[in-house]
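Undergrad: What follows is a single structure, and I will ask about it in a moment.
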Amino acid sequence: MPPVTRLGTFHLDRGGQIFLALLALTTLLVPVLNLAVPADSSLHVSTFTVTLLGKYLTYALLAVAVDLVWGYLGILSLGHAAFFALGGYAMGMYLMRQIGDRGVYGNPELPDFMVFLNWSELPWFWHGFDMFWFAALMVVLAPGLLAFVFGWLAFRSRVTGVYLSIITQALTYALMLAFFRNEMGFGGNNGLTDFKDLLGFDLQSDATRIGLFVASALALAGGYLACRAIVTSKLGRVAVAIRDAESRTRFIGYRVEHVKLWIFTFSAVLAGIAGALYVPQVGIINPGEFSPLNSIEILIWVAIGGRATLYGAVLGAILVNYGKTYLTGVMPDAWLFVLGGLFVLVTLLLPQGLAGLFRRKETTA
Amino acid sequence: MKTLDNLRAAMRRDQVWDFMVPRQALELDMSHGTILYLEDISVTFDGFRAINHLNLYIDAGELRCIIGPNGAGKTTMMDIITGKTRPDTGTAWFGQTIDLLRLSEPEIASVGIGRKFQKPTVFEQHAVLENLELAMAADKRVWPTLLARLTPEQRERIDEVLETIGLQDQRDQRAGALSHGQKQWLEIGMLLMQNPYLLLVDEPVAGMTHQEMDRTAELLRSLAGKHSVVVVEHDMDFVRSIADKVTVLHQGSVLAEGSMDEVRNDPRVIEVYLGGGP
Ligand SMILES: Nc1ncnc2c1ncn2[C@@H]1O[C@H](COP(=O)(O)OP(=O)(O)O)[C@@H](O)[C@H]1O
Ligand SMILES: [Mg+2]
Numbered sequence: 002m003p004p005v006t007r008l009g010t011f012h013l014d015r016g017g018q019i020f021l022a023l024l025a026l027t028t029l030l031v032p033v034l035n036l037a038v039p040a041d042s043s044l045h046v047s048t049f050t051v052t053l054l055g056k057y058l059t060y061a062l063l064a065v066a067v068d069l070v071w072g073y074l075g076i077l078s079l080g081h082a083a084f085f086a087l088g089g090y091a092m093g094m095y096l097m098r099q100i101g102d103r104g105v106y107g108n109p110e111l112p113d114f115m116v117f118l119n120w121s122e123l124p125w126f127w128h129g130f131d132m133f134w135f136a137a138l139m140v141v142l143a144p145g146l147l148a149f150v151f152g153w154l155a156f157r158s159r160v161t162g163v164y165l166s167i168i169t170q171a172l173t174y175a176l177m178l179a180f181f182r183n184e185m186g187f188g189g190n191n192g193l194t195d196f197k198d199l200l201g202f203d204l205q206s207d208a209t210r211i212g213l214f215v216a217s218a219l220a221l222a223g224g225y226l227a228c229r230a231i232v233t234s235k236l237g238r239v240a241v242a243i244r245d246a247e248s249r250t251r252f253i254g255y256r257v258e259h260v261k262l263w264i265f266t267f268s269a270v271l272a273g274i275a276g277a278l279y280v281p282q283v284g285i286i287n288p289g290e291f292s293p294l295n296s297i298e299i300l301i302w303v304a305i306g307g308r309a310t311l312y313g314a315v316l317g318a319i320l321v322n323y324g325k326t327y328l329t330g331v332m333p334d335a336w337l338f339v340l341g342g343l344f345v346l347v348t349l350l351l352p353q354g355l356a357g358l359f360r361r362k363e364t365t366a
Numbered sequence: 022m023k024t025l026d027n028l029r030a031a032m033r034r035d036q037v038w039d040f041m042v043p044r045q046a047l048e049l050d051m052s053h054g055t056i057l058y059l060e061d062i063s064v065t066f067d068g069f070r071a072i073n074h075l076n077l078y079i080d081a082g083e084l085r086c087i088i089g090p091n092g093a094g095k096t097t098m099m100d101i102i103t104g105k106t107r108p109d110t111g112t113a114w115f116g117q118t119i120d121l122l123r124l125s126e127p128e129i130a131s132v133g134i135g136r137k138f139q140k141p142t143v144f145e146q147h148a149v150l151e152n153l154e155l156a157m158a159a160d161k162r163v164w165p166t167l168l169a170r171l172t173p174e175q176r177e178r179i180d181e182v183l184e185t186i187g188l189q190d191q192r193d194q195r196a197g198a199l200s201h202g203q204k205q206w207l208e209i210g211m212l213l214m215q216n217p218y219l220l221l222v223d224e225p226v227a228g229m230t231h232q233e234m235d236r237t238a239e240l241l242r243s244l245a246g247k248h249s250v251v252v253v254e255h256d257m258d259f260v261r262s263i264a265d266k267v268t269v270l271h272q273g274s275v276l277a278e279g280s281m282d283e284v285r286n287d288p289r290v291i292e293v294y295l296g297g298g299p
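Sequence lines, in order, name chains A and B. Just add 1 to the spot in the first sequence (first one is 1) and you have this note's numbering. Just add 21 to the spot in the second sequence (first one is 1) and you have this note's numbering.
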């Protein structure tokens, strides 16, 4: 007997329950193991590891955002690295302004790279970034507005499939080239770095690192639950209908382009929030984050974890990035080959990703 | 010159601009017992007349079968009713008040004309129940859809339709796993969820087993009365088993109309079907 269909009620699936339980456990345990357990104990979790985990969690949020549009709506976005990077830049600009006169040149107004370029005043778009609330707003607005305008143009003219993927890729690439230029005022090649503190908390301190880790975990949980609420709503069922039979969905009266636009924009905002949490933890944001390769990597995380499950995206992001950290330490050159090979293997052997394996077990049990 | 004329027409004081004319009433009025009036409709595709001065009237609650050889214009006629194709000449009224030629496709669907295409297209990944839920008449904008909760009346309506199409036992099954016939019934169910007054059904039994055909005949008959149903079908046995009244279409216009027996004995029909060639 198939499970009883639930209509319009929020609920967690098994995978989601397990994921949230593990996330809660990690979020409670890691700070304790870092702060309370002495450094010489084998149970101690180093601050380096805490930050690494925090970084993985922001990638996981990014992957959830991509799964929402790719897995459930069928939009193969190669633009999410851009939304992630924009959120990251908005946060980076705030962190730059926080440096104040502690930079190399000691200029209280201008970030170092502007002094270096002999600029005499702050460009207009840097104003306001000394205030956290403004930067936080921009974290949401910059990727959100870009996604909205882009989506409005693309979905209205019914660009779909490969063509849509290509133009999202082109968008990301254009942004990368733009951000590489010094005249753009985002630090060019070097990007933004040398951050000192956030909301007055020293970015190098253990407590701040823990705080950022916990914030990333909360953002991931919140983002996951929001996406889960969308996909279990009637709108989520409309999204899947669009993915599987777009013109049919239009024919029974849904405004397909509106559905795509809102879900795409929401997903971009999530990616931006992930980027904003990522930057203070890794300590730098540069145009390399816009790299087309990054967008493709995100898709691989989701494919390996399992599309259209949300928790699979989390699993894929964390496992693949753990593998990447490990392998780039041992054999730096091998990573891309391993990633490519893994992708091919999963596509051939596990078309539903690792989550598919889990779901098969669940249904046979 | 043309522009000038248009300009003059636009400035006439005894007329108001199109966008200021009150929108026509979208309430169906069947007080004369007729739900659909097609009058003197013609359509030309690249010089080829697919529909040629067609006149067709459908009564409220009637079950009408349309037959005719391939290329007779049956599908094109449905395209015109649903707004997919615009005729070159003629008028199409839905009841006394609704001018179909002035409405867009989604508007026509929302005033109460539902159409089933030849190829069944259900949402394969969704359960039967979800397919019906998606098709249900409701506010289909983004926010209302995100916040939508089924009311008890809507649940009842879904159950009612499930029963009508005979898929109660499959309600939680993925639509992709249904048999061909069951998919066709589900699609009819999806039409019913939109509470249409007029149902247009294009070749419902193509590819069905005999049992499925019987079941479909029963289903379509049960819909007549509550809805007006127009069925386009090739299969003569099937048509005989359901139709009160049959219309034979040939080269884009009506060749004969009447009961199955009358039509079958009409010399012109025999000529078209058996005599071969126009
Ligand atoms: N969009 C179109 N463009 C050109 N010719 C068309 C188009 N639609 C239908 N026709 C032609 O009109 C005629 C009637 O087609 P159709 O209505 O599909 O016939 P039926 O459904 O009765 O078999 C056919 O000769 C077909 O080739
Ligand atoms: Mg046809």
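Where is the CB? At the ideal position from N, CA and C, for every residue including glycine. Bear in mind the structure is a predicted one, so any value in this text is a computation, not a measurement.
Tell me, please, whether the CB atom of A/ALA263 is closer than 8 Å to any CB atom in chain B?
TA: Note on residue identity: the sequence assigns Trp, not Ala, to residue 263 of chain A. Output row for A/TRP263: interface = yes.
Undergrad: Would DSSP call A/LEU311 helix, strand or coil?
TA: Three-state result, A/LEU311: coil.
Undergrad: Collect the residues with a C-beta less than 6 Å away from any heavy atom of ligand 2 and give them in sequence order along the chain.
TA: So the residues near ligand 2 by this Cβ test are B/LYS95, B/THR96.
Undergrad: Select from the stretch 144-163 of chain B all residues with a C-beta closer than 7 Å to any C-beta belonging to chain A, and list them in chain order.
TA: So the close ones are PHE144, GLU145, GLN146, HIS147, ALA148, LEU150, GLU151, GLU154, LEU155, ALA156, LYS161, ARG162, VAL163.
Undergrad: Can you tell me which of A/LEU63, A/LYS235, A/GLY330, A/VAL345 puts its alpha carbon nearest to the alpha carbon of A/LEU221?
TA: The option with the nearest alpha carbon to A/LEU221 is A/LEU63.
Undergrad: So, is A/GLY223 buried or exposed, given that buried needs 16 or more other C-beta atoms within 10 angstroms?
TA: By the 10 Å Cβ count, A/GLY223 comes out exposed.
Undergrad: I'd like to know whether the C-beta of B/PRO299 is nearer than 8 Å to at least one C-beta of chain A.
TA: Its pLDDT being 43, under 50, B/PRO299 is placed unreliably by the model, and the measurement read from it follows with that caveat. Closer than 8 Å: no.
Undergrad: Step through the CB atoms of chain B and report whether any lies within less than 8 Å of the CB of A/TYR174.
TA: So, not an interface residue.
Undergrad: Using a C-beta cutoff of 8 Å, does A/ARG159 count as contacting chain B?
TA: No - not a single Cβ of chain B is within 8 Å of the one on A/ARG159.
Undergrad: When the cut-off is 8 Å and only beta carbons count, does A/ILE231 lie next to chain B?
TA: A/ILE231 counts as touching chain B.
Undergrad: Which of helix, strand or coil does DSSP assign to B/GLU278?
TA: Strand, per DSSP.
Undergrad: Would you decide whether B/VAL290 is buried or exposed? Buried here means 16 or more other CB atoms lie within 10 Å of its CB.
TA: Buried.
Undergrad: Is the stretch 176-190 of chain B touching the stretch 116-129 of chain B in the sense that three or more CB pairs, one from each, lie closer than 8 Å?
TA: Because the criterion of three Cβ pairs below 8 Å is not met, the stretch 116-129 of chain B and the stretch 176-190 of chain B do not touch.
Undergrad: Please tell me whether, using a cut-off of 7 Å, the distance from the CB of B/GLY89 to the nearest non-hydrogen atom of ligand 1 is below it.
TA: Correct: B/GLY89 has its Cβ closer than 7 Å to ligand 1.
Undergrad: Output yes or no for whether 8 Å exceeds the beta carbon distance between B/GLU254 and B/PRO225.
TA: The answer is yes: Cβ separation under 8 Å.
Undergrad: Is A/HIS259 close to chain B, meaning its C-beta is less than 8 Å from at least one C-beta of that chain?
TA: Yes, contact with chain B.
Undergrad: Could you give the DSSP three-state label for B/PHE66: helix, strand or coil?
TA: Here B/PHE66 sits in strand by DSSP.
Undergrad: Kindly indicate which three-state DSSP category A/SER292 falls into: helix, strand or coil?
TA: In the structure shown, A/SER292 sits in coil (DSSP, three-state: anything other than H, G, I, E or B).
Undergrad: Throw me the rounded Cβ distance for the B/MET214 and B/LEU153 pair, which I believe falls under 8 Å.
TA: B/MET214 to B/LEU153, Cβ: 5 Å. Contact.
Undergrad: Tell me the residue span of the alpha helix (DSSP H) that contains A/PHE338.
TA: It spans 336-350 - the alpha helix (DSSP H) in which A/PHE338 sits, taken as one unbroken run.
Undergrad: Can you pull out the residues from the stretch 187-200 of chain A whose beta carbon lies closer than 9 Å to at least one beta carbon of chain B?
TA: Correct list: empty, as no residue qualifies.
Undergrad: Is the beta carbon of B/ALA71 within less than 7 Å of some heavy atom of ligand 1?
TA: Because some heavy atom of ligand 1 lies under 7 Å away, the Cβ of B/ALA71 counts as near it: yes.
Undergrad: Please list, in chain order, the chain B residues whose beta carbon lies closer than 7 Å to that of A/VAL239.
TA: Under the 7 Å cutoff, chain B gives LEU155, THR166.
Undergrad: Identify the residues that DSSP records as bridge partners of B/GLU60: which are they?
TA: According to DSSP, B/GLU60 bridges with B/THR112.
Undergrad: Is it the case that the Cβ atoms of B/TYR78 and B/THR96 are separated by a distance below 8 Å?
TA: Cβ atoms of B/TYR78 and B/THR96: not closer than 8 Å.
Undergrad: Which of helix, strand or coil does DSSP assign to A/TYR57?
TA: In the structure shown, A/TYR57 sits in a helix (DSSP, three-state: H, G or I).
Undergrad: How would you list, in chain order, the residues of chain B whose beta-carbon sits under 9 Å from the beta-carbon of A/GLY254?
TA: Result: PRO127, ALA130, SER131, ALA156, ALA158, ALA159, LYS161, GLN215.
Undergrad: Identify which residue in B/ASN286, B/GLY111, B/THR103 has its Cα closest to the Cα of B/GLU126.
TA: Here the closest residue by C-alpha is B/THR103.
Undergrad: Taking the alpha carbon of B/PHE259 as the reference point, which residue from B/LYS247, B/HIS248, B/GLY273, B/LEU241 has its own alpha carbon closest?
TA: Closest by alpha carbon: B/LEU241.
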